[in-house]
Amino acid sequence: EYGDDESGIFFRLILLHRAGDEVTTHAHNFPHVTDIIKGAADVDHLATVYADPERGAWLERRITALREAHPLVFWAPWLARRYWREWQGLAKSAGEVVESATVDADSADEPSWILIRAFTFHRIRARRDGTKGRCVFASRTPEGRVTVLRTGWGPAYV
Numbered sequence: 001e002y003g004d005d006e007s008g009i010f011f012r013l014i015l016l017h018r019a020g021d022e023v024t025t026h027a028h029n030f031p032h033v034t035d036i037i038k039g040a041a042d043v044d045h046l047a048t049v050y051a052d053p054e055r056g057a058w059l060e061r062r063i064t065a066l067r068e069a070h071p072l073v074f075w076a077p078w079l080a081r082r083y084w085r086e087w088q089g090l091a092k093s094a095g096e097v098v099e100s101a102t103v104d105a106d107s108a109d110e111p112s113w114i115l116i117r118a119f120t121f122h123r124i125r126a127r128r129d130g131t132k133g134r135c136v137f138a139s140r141t142p143e144g145r146v147t148v149l150r151t152g153w154g155p156a157y158v
């Protein structure tokens, strides 16, 4: 892992030693980019299965709105974190694959990166031995705002 106080970017390295190795299905509370720097990988976006689908969709909209709230709405970050914890408990599992893409570091015709949206369950599976990649996150304040300075606020990188 790498982060600094100048670029406002945090990297998490992905090492997939053998074809078929994968990063376990998971979701993040912020969008990020996954960049394959060696080899190739399949990236699957999976449907989120909620214990209560209506509440789950409402939480996604509410968390996003709170993160975009005016800075003077001082209670917004606290409420966004509270709702994120509820979202994690409500999102029981990842469902079927709804979108899939192959990301190849050696392809001259296609980008070697893919955007992973917030609240999207995803998994990354190597197509070739020795595949390497990195997840690239923006540094964020506890209020969820992008910042150049690395704050060390853990939930921005989970």
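Under our numbering, residues 1 to 158 are what the sequence shown spells out, in order.
Even glycine gets a Cβ: it sits at the ideal position worked out from N, Cα and C.
As the structure is a prediction and not an experimental result, all values here were calculated from the model.
Which residue's Cα is closest to the Cα of residue i: the options?
i   : options             : result
Q88 : L66, V103, E96, V49 : V49
H45 : R61, W113, V98      : V98
W78 : I63, A51, L90, R128 : I63
E60 : A94, A101, L90      : L90
Under the three-state reduction of DSSP, which class applies to residue i: helix, strand or coil?
i    : result
H17  : coil
F119 : coil
T102 : strand
F137 : strand
If the criterion is Cβ atoms closer than 9 Å, does the pair residue i and residue j meet it?
i    : j    : result
T25  : C135 : no
F11  : A138 : no
E110 : V103 : yes
I37  : G130 : no
D42  : I116 : no
A47  : F119 : no
A108 : G39  : no
R128 : A19  : yes
- Query: In chain order, which continuous runs of the beta strand (DSSP E) of length 3 or greater are located wholly inside the segment 38-91?
  - Reply: 40-50
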